[in-house]
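The structure appears below as structure tokens.
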Amino acid sequence: MAADNEKTGVFDASQLNQAKCPDCGGTGELRFDSENINENFEVEKQTIIAPCEKCGGTGFLKAV
Ligand SMILES: [Zn+2]
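Following my numbering, the numbering of the sequence shown begins with 522 at its first residue and continues without gaps.
This is how it looks when you write it as structure tokens:
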């Protein structure tokens with residue numbers, strides 16, 4: 522049991538040491554609202570989701 526508690530404590534501590542990525546807000550994804558004109562000249566709205574390059578898609582910045 523002691524070992525289990527120790528593992529959990531280490532895991533929580535490492536999570537707390539990680540800072541949320543300011544670029545994506547901790548989601549690991551960047552969303553862009555985009556409007557495209559389709560072949561019928563109608564405006565199509567779409568949301569483009571791209572992985573955040575700053576944190577590598579993890580949502581957290583590694584503590585240095
Ligand atoms: Zn990010």
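By construction, the Cβ of each residue, glycine as well, lies at the ideal position given by its N, Cα and C atoms.
Query: Which listed residue (L582, F581 and Q567) has its alpha carbon closest to that of D554; Result: Q567
Query: Heavy atom of ligand 1 within 7 Å of K583 beta-carbon; Result: no
Query: Extent of the continuous beta strand (DSSP E) run through E556; Result: E550 to I558
Query: Contact under 8 Å by Cβ, C576 with L551; Result: no
Query: CB of V564 within 8 Å of CB of I570, strictly; Result: no
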